[in-house]
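In our numbering, each residue carries its 1-based index in the sequence shown increased by 348.
Everything below concerns the one structure shown next.
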Amino acid sequence: MKSESEIDIKTVLDSRPLSRFQIRVVLLGLLVLMLDGLDTTSVGFIAPALVDDWKIAPGELSPVFMSGLFGLAIGALTAGPIGDRLGRKTVVVSSVFLFGFFSLASAFSTDLWTLALLRFLTGLGLGASMPNTATLVAEFAPAKHRNLLITFVYSGFAIGGGIGGVVSNYLIEVSGWRAVLVAGGVLPIAFGIVMLFALPESIRFLATRPDKKSMVKNIMRKIAPDVMREGVTFVSDDIRNSDKGKVAIIVGRQYVVGTLCLWSGVFATLFTLYLINSWLPLMIKDSGMSLRDASLVATFGQVGGALGSLAVGWFMDRNSPHKVLAATHLAAGLCALAICATERTFVTTSVLVALMGYCMNSLNVGYVALAARFYPTSVRATGTSWEQGIGRFGAITGAAIGGVLLSTGWSFNAVFAALCVPMALGMIAISIKSLFAAGHAHLPIDNAAAGFVGE
Numbered sequence: 349m350k351s352e353s354e355i356d357i358k359t360v361l362d363s364r365p366l367s368r369f370q371i372r373v374v375l376l377g378l379l380v381l382m383l384d385g386l387d388t389t390s391v392g393f394i395a396p397a398l399v400d401d402w403k404i405a406p407g408e409l410s411p412v413f414m415s416g417l418f419g420l421a422i423g424a425l426t427a428g429p430i431g432d433r434l435g436r437k438t439v440v441v442s443s444v445f446l447f448g449f450f451s452l453a454s455a456f457s458t459d460l461w462t463l464a465l466l467r468f469l470t471g472l473g474l475g476a477s478m479p480n481t482a483t484l485v486a487e488f489a490p491a492k493h494r495n496l497l498i499t500f501v502y503s504g505f506a507i508g509g510g511i512g513g514v515v516s517n518y519l520i521e522v523s524g525w526r527a528v529l530v531a532g533g534v535l536p537i538a539f540g541i542v543m544l545f546a547l548p549e550s551i552r553f554l555a556t557r558p559d560k561k562s563m564v565k566n567i568m569r570k571i572a573p574d575v576m577r578e579g580v581t582f583v584s585d586d587i588r589n590s591d592k593g594k595v596a597i598i599v600g601r602q603y604v605v606g607t608l609c610l611w612s613g614v615f616a617t618l619f620t621l622y623l624i625n626s627w628l629p630l631m632i633k634d635s636g637m638s639l640r641d642a643s644l645v646a647t648f649g650q651v652g653g654a655l656g657s658l659a660v661g662w663f664m665d666r667n668s669p670h671k672v673l674a675a676t677h678l679a680a681g682l683c684a685l686a687i688c689a690t691e692r693t694f695v696t697t698s699v700l701v702a703l704m705g706y707c708m709n710s711l712n713v714g715y716v717a718l719a720a721r722f723y724p725t726s727v728r729a730t731g732t733s734w735e736q737g738i739g740r741f742g743a744i745t746g747a748a749i750g751g752v753l754l755s756t757g758w759s760f761n762a763v764f765a766a767l768c769v770p771m772a773l774g775m776i777a778i779s780i781k782s783l784f785a786a787g788h789a790h791l792p793i794d795n796a797a798a799g800f801v802g803e
């Protein structure tokens, strides 16, 4: 039991509206994801110009796409445990500097393999930033708005991608494709300097560290000055486990079914999303549209994605999150079929690609929000980052298979028809989680980590 001088941080956060301080955290998180989206999608936007400049076949870009996505996967898998150990802010700020520096370096590549290596290093930072940003925002958010705020922040990825499409189109015409990578490097480096001073560490993370009590009080003074009084101590009900065994916890008997369902659903989602993001501009250009129109259609997909990222949080806060995601998987499959069945005009293709982007980014951020509420604070960054890391292997697979399909002569329509398969598998996975692992009361860590057998 808590003594009279102890106040539970979660209770304070959940019992009051957002403060200006919390809004600042959310907006900084949004900007991180915007830069992440701009950088991640940049290679897809510069691909047609790069193919023309280096006189290569489209399929030869596969190593560039896959190396960047492999870096994303490794970054996501490793950064979560690091964030649980060293803090969310440390990882977020470091990762922004990392992907900014290597994106800038990518602009000076002279061959495919150098570009592929630098995109891998860029991907390490990109993969590390997203799950830790989501975790940091989740740990400042009141429960009733958590889904909405996480998905709002993740909408920044699609917003950044949409802005990147417009900016890329302009920069390529004016200065060439290298200017896109320069912009994708300079902006994160400048913003990283701002975050060093403006971004706080997660208050619920700090509360698990006995030596950080003064930092917790300083933050609470900005969020809820009315609860400050002499001798008060702020605590978190989350149990801090040792640095070992965090992955064992998320695949232990309490969480294993939900974890595997989340991994399966996000794998299917990012397989589809990154196949589209990587190859859509080239597929549209090869189907007869101009380079400018191909870039604009892809940009509409990012705009639709931004809207979906915002909307899914609202729907998940008011309905069963599992039903929302299952319905979105179904809608994405129907959009893919509609793209196959309609005439290839600029307007029709733009509308359907925007709807597809709406669905795919809804799923992407929806899975992040679901993971953030499924795991306790002590392993939340690990659970969220491993979910995203497994998803990145889906992205790698999607980008690779997209390149193979195009190299072997698959048509635009055939590729989109095939995307119905991963969407069906994702719908099955999230439905299973709804039935068998919709949510858990958080067990003591010793029990949660016990593994697959025994009670």
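Where a beta carbon is used, it is the ideal one built from N, C-alpha and C, also for glycine.
So the candidates are the options; which of them puts its Cα closest to the Cα of residue i?
| i | options | result |
| --- | --- | --- |
| Ala680 | Met775, Pro724, Met414 | Met775 |
| Ser779 | Phe764, Val699, Tyr706, His670 | His670 |
| Gly653 | Ser698, Phe615, Ser638 | Ser698 |
| Val534 | Ala455, Leu378, Ser668, Ala747 | Ala455 |
| Ala538 | Ala491, Ser550, Val441 | Val441 |
| Phe694 | Ser657, Thr732, Phe648, Leu718 | Phe648 |
Could you give the residue range of the alpha helix (DSSP H) that holds residue i?
| i | result |
| --- | --- |
| Ile511 | 494-523 |
| Glu735 | 725-755 |
| Asn625 | 604-634 |
| Met771 | 768-784 |
| Ala674 | 669-689 |
| Met451 | One detail in the question is off: residue 451 reads as Ser in this sequence, not Met. Looking at the DSSP string, the run of the alpha helix (DSSP H) that includes Ser451 is 436-454. |
| Val564 | 561-571 |
| Leu554 | 551-554 |
Can you tell me whether residue i is helix, strand or coil according to DSSP?
| i | result |
| --- | --- |
| Ser590 | Unreliable placement is indicated for Ser590, whose pLDDT of 44 sits below 50; no coordinate value is reported for it. |
| Val530 | helix |
| Ile404 | coil |
| Asp459 | coil |
| Val650 | For the record, residue 650 in the displayed sequence is Gln; it is not Val. Helix, per DSSP. |
| Ala789 | Because Ala789 carries a pLDDT of 40, less than 50, the predicted location of this residue cannot be relied on, and the following value inherits that uncertainty. If DSSP states are grouped into helix, strand and coil, Ala789 belongs with coil. |
| Asn712 | helix |
| Trp305 | What is shown of the chain runs 349 to 803, which leaves residue 305 out entirely. |
| Val412 | helix |
| Leu366 | coil |
| Phe800 | Because Phe800 carries a pLDDT of 24, less than 50, the predicted location of this residue cannot be relied on, and the following value inherits that uncertainty. Coil, per DSSP. |
| Pro548 | coil |
Hey, how far is the Cα of residue i from the Cα of residue j?
| i | j | result |
| --- | --- | --- |
| Met313 | Asn480 | Here the chain has residues from 349 to 803 only, and residue 313 is not among them. |
| Val604 | Val672 | 22 Å |
| Leu783 | Asp459 | 50 Å |
| Gly532 | Val380 | 12 Å |
| Ala546 | Leu754 | 45 Å |
| Ser726 | Ala765 | 42 Å |
| Ser590 | Pro429 | For Ser590, the predicted structure reports a pLDDT of 44, less than 50, and the residue's modelled location is therefore unreliable. The matter cannot be settled from this model. |
| Ser612 | Ala674 | 13 Å |
| Gly377 | Ile404 | 38 Å |
| Phe553 | Tyr518 | 42 Å |
| Ile587 | Val542 | Note that Ile587 scores a pLDDT of 46, beneath 50, so its modelled location is shaky; the value from the coordinates is reported in the next line. Cα-Cα distance, rounded: 32 Å. |
| Ala642 | Val763 | 17 Å |
Roughly how far, in whole angstroms, is the beta-carbon of residue i from the beta-carbon of residue j, given that I think they are within contact range, below 8 Å?
| i | j | result |
| --- | --- | --- |
| Ala482 | Ser443 | About 13 Å; that fails the 8 Å criterion. |
| Ala424 | Arg728 | Actually they do not touch by this definition, with Cβ atoms about 14 Å apart. |
| Ala772 | Cys609 | Rounded, the Cβ-Cβ distance is 15 Å, inconsistent with contact. |
| Phe447 | Pro536 | 6 Å |
| Val575 | Val752 | So it is not a contact: roughly 58 Å between Cβ atoms. |
| Ser390 | Gly512 | 6 Å |
| Phe393 | Val528 | 7 Å |
| Ala555 | Ser584 | 4 Å |
| Val660 | Thr470 | Wrong, their Cβ atoms sit about 27 Å apart, outside the cutoff. |
Could you check whether the Cβ of residue i sits closer than 6 Å to any heavy atom belonging to the ligand FMN?
| i | result |
| --- | --- |
| Thr359 | Annotation note on the ligand FMN: not contained in the displayed structure, which lists no ligands. |
Along the beta strand (DSSP E) that carries residue i, what are the first and last residues, could you check?
| i | result |
| --- | --- |
| Val583 | 581-583 |
| Asp356 | 354-356 |
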